[in-house]
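Structure record follows, encoded as structure tokens.
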Amino acid sequence: MTTTAPAPARPQNRVPRVQVSPVTQRRVISSEWAKFTTLRSTWVTLAVALLGMIAVGALASWAIDAHWSHMHPDDRASFSPITQSLTGVYLAQLAIGVLGVLVISGEYATGMIRATLSAAPRRLLVLWAKLTVFSVVTFVLMLVGALVSFFLGQALLHSHGTTLGAHEALQAVVGVALYLTVVGALGVAIGFCVRSTAGGIATLFGVLLVLPTIGHVLPASWQTHILPYLPSNAGGALYSLHPDPGTLAPWAGFGVMCCWMVAAVVAAVVLLRRRDA
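This note's numbering numbers the first residue of the sequence shown as 1 and each following residue consecutively.
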């Protein structure tokens with residue numbers, strides 16, 4: 001009697017289980033931080049904003065000191081060494097605004113946004129992460145730039161300068177950093193809404209620069225009710241020590257500017273939820 005040996009068991013191809021970590025706000029922020037800090041354009045644009053603010057402030061302070069004896073008495077009376085040293089904020093806002101738009105519009109242009117939203121199906125996590133990373137980096141770097149601009153400007157002004165302990169000096173320095181941070185956040189929100197680099201930049205600078213220009217051609221009775229509430233005019237009250245008549249109080253003006261930014265973020269939230277990537 002012959003016995004048949006049992007056939008050897010076939011090896012089963014088992015797929016190893018891969019543990020997938022849940023998508024959390026902290027992990028999305030970490031991902032956005034990695035993307036933000038590994039792009040060369042990020043550091044180039046931030047360097048332009050930082051060095052531009054310092055260079056313009058230093059040049060403006062040196063020019064005033066060199067021509068002090070030729071200044072009109074009225075100009076001397078209204079002169080503010082604090083504001084003079086922080087003049088570079090007007091150049092810095094251009095670079096920060098452009099970078100804010102590019103943070104998201106660059107992903108839409110390359111199609112990378114599809115991978116981003118696939119990795120983070122809860123789309124709002126991406127919006128909050130980009131706003132958080134960009135705002136923190138902008139505030140820290142621009143605060144450093146404002147401090148350097150202030151101290152370098154006062155040194156170049158010599159006897160016409162002041163100290164950080166002067167009235168409203170610290171408020172102006174911190175105000176520059178806060179103003180630029182909100183400009184950047186406004187750029188990010190507009191980038192989410194428009195999805196185009198050119199369109200986003202045009203929209204942002206239209207709101208910041210063109211609207212105030214148009215406002216000045218309106219009847220005088222209208223200007224007092226419109227101009228102080230435009231974002232750049234309202235936010236500028238935080239660091240401008242000799243504002244025009246009718247300008248809002250510093251923190252009230254900054255609050256109005258933040259309202260503009262919140263409105264843009266709300267629009268970005270609605271459009272991000274409703275539109276396809």
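Here a beta-carbon is modelled for each residue, glycine too, at the ideal position from N, C-alpha and C.
Leaving out five residues on either side along the sequence, give the residues of the same chain with a beta carbon under 6 Å from the beta carbon of G175. For the purposes of this step, residue 175 is identified with residue 175 of the sequence shown, where counting begins at 1. Around G175: L238 and Y239.
Rounded C-beta distance between L39 and L141? I'm assuming under 8 Å. Indexing the sequence shown from 1 puts residue 39 at position 39. Indexing the sequence shown from 1 puts residue 141 at position 141. That belief does not hold up - the Cβ atoms of L39 and L141 are roughly 15 Å apart, past 8 Å.
4-residue-minimum alpha helix (DSSP H) runs that sit fully inside the region 166-244, ordered along the chain: Fully enclosed alpha helix (DSSP H) runs of no fewer than 4 residues occupy 169-194, 197-205, 211-215, 220-226 and 231-236 of the region 166-244, in order along the chain.
Taking the alpha-carbon of L156 as reference, which of T116, V210, A66 and D74 has the nearest alpha-carbon? Counting from one through the sequence shown, the residue named residue 156 turns up at place 156. Closest by alpha carbon: A66.
Going by DSSP in three states, M1 sits in which element: helix, strand or coil? Working through the sequence shown from its first residue, we reach residue 1 at position 1. Because the pLDDT at M1 is just 48, under 50, the model does not fix this residue reliably, and the value given afterwards should be weighed accordingly. Residue state for M1 is assigned as coil, using DSSP reduced to three classes.
Between the alpha carbons of P228 and S118, how many angstroms are there, rounded? Here the question's residue 228 lines up with position 228 in the sequence shown. Here the question's residue 118 lines up with position 118 in the sequence shown. If you take the alpha carbons of P228 and S118, they lie about 42 Å apart.
Helix, strand or coil at G52 [DSSP, three-state]: Looking up residue 52 in the sequence shown gives position 52. In the three-state reduction of the DSSP assignment, G52 falls in the helix class.
Quick one: Cα of L248 to Cα of P73, how far? Locating residue 248 in the sequence shown gives position 248, counting from the first residue. Locating residue 73 in the sequence shown gives position 73, counting from the first residue. Roughly 27 Å between the two C-alpha positions.
Beta carbon of T138 nearer than 8 Å to that of I96: Counting from one through the sequence shown, the residue named residue 138 turns up at place 138. Counting from one through the sequence shown, the residue named residue 96 turns up at place 96. Their beta carbons are under 8 Å apart, which means T138 touches I96 by this criterion.
Classify W43 as buried or exposed, calling it buried when 16 or more other Cβ atoms lie within 10 Å of its own Cβ. Position 43 of the sequence shown, counted from the start, is the residue given in the question as residue 43. W43 counts as exposed, since fewer than 16 other beta carbons sit within 10 angstroms of its beta carbon.
Suppose the cutoff is 6 Å on Cβ atoms and the five residues either side in sequence are ignored; what does the same chain contact list for G184 look like? Counting from 1 along the sequence shown, the entry for residue 184 is found at position 184. Taken in chain order, the residues that qualify are I96, G100, F134 and T138.
Quick one: is A129 buried, meaning 16 or more other Cβ sit within 10 Å of its Cβ, or exposed? Counting from one through the sequence shown, the residue named residue 129 turns up at place 129. The residue is buried, with at least 16 neighbouring Cβ atoms inside 10 Å.
For the putative contact between S80 and F150, defined by C-beta atoms under 8 Å, what is the C-beta separation to the nearest angstrom? Taking the sequence shown and counting its residues from 1, the one referred to as residue 80 is at position 80. Taking the sequence shown and counting its residues from 1, the one referred to as residue 150 is at position 150. About 12 Å separates the two Cβ atoms, so there is no contact after all.
When burial is assigned at 16 or more other CB atoms within 10 Å of the CB, is C259 buried or exposed? Sequence index remark: in the sequence shown, residue 259 carries index 259 (1-based). Exposed, by the Cβ-count rule.
Check this for me: beta carbons of I54 and L152, under 8 Å apart or not? Counting from one through the sequence shown, the residue named residue 54 turns up at place 54. Counting from one through the sequence shown, the residue named residue 152 turns up at place 152. Yes; because the gap between Cβ atoms is below 8 Å, this pair is in contact.
Secondary structure of T87, DSSP reduced to three states: Counting from one through the sequence shown, the residue named residue 87 turns up at place 87. Correct three-state label for T87: coil.
On the three-state DSSP scale, how would you describe F79? As a first step, residue 79 must be located in the sequence shown, where it is residue number 79. Three-state DSSP puts F79 in coil, outside helix and strand.
Using CA coordinates, which residue listed in M112, V144, R76 and G255 is at the minimum distance from A92? Your numbering for residue 92 matches position 92 in the sequence shown. Selection M112, V144, R76 and G255 evaluated against A92 yields V144 as nearest (Cα-Cα).
May I ask which residues mark the beginning and end of the alpha helix (DSSP H) holding R27? Locating residue 27 in the sequence shown gives position 27, where the first residue counts as 1. Bounds of the alpha helix (DSSP H) holding R27 are Q25 to T38.
Helix, strand or coil: how does DSSP classify M257 here? Counting from one through the sequence shown, the residue named residue 257 turns up at place 257. M257 falls in the helix class under three-state DSSP.
When the Cβ atoms of the region 194-208 are set against those of the region 161-175, are three or more pairs found closer than 8 Å? Too few Cβ pairs lie closer than 8 Å, so no.
Here's a check: name, in chain order, each residue in its chain whose Cβ is nearer than 8 Å to the Cβ of A267, leaving out the five neighbours to either side. On the sequence shown, position 267 is the one that residue 267 refers to. Around A267, the same chain offers A189 and C193 as residues with beta carbons nearer than 8 Å, after the five sequence neighbours per side are excluded.
DSSP three-state label for P73, please. In the sequence shown, residue 73 corresponds to position 73, counting from 1. Assigned with DSSP and collapsed to three states, P73 falls in helix.
Among the residues of its own chain, which have a CB less than 7 Å from the CB of I226, if the five just before and after it don't count? Here residue 226 corresponds to residue number 226 of the sequence shown, with the count starting at 1. Same-chain partners within the cutoff: G215 and L218.
Roughly how many angstroms separate the alpha carbons of V18 and T87, rounded to a whole number? The residue given as residue 18 occupies position 18 in the sequence shown. The residue given as residue 87 occupies position 87 in the sequence shown. With a pLDDT of 48 at V18, under the threshold of 50, the predicted position of this residue should be treated as unreliable, though the coordinate-derived value follows. Distance from the CA atom of V18 to the CA atom of T87, rounded to whole angstroms, is 55 Å.
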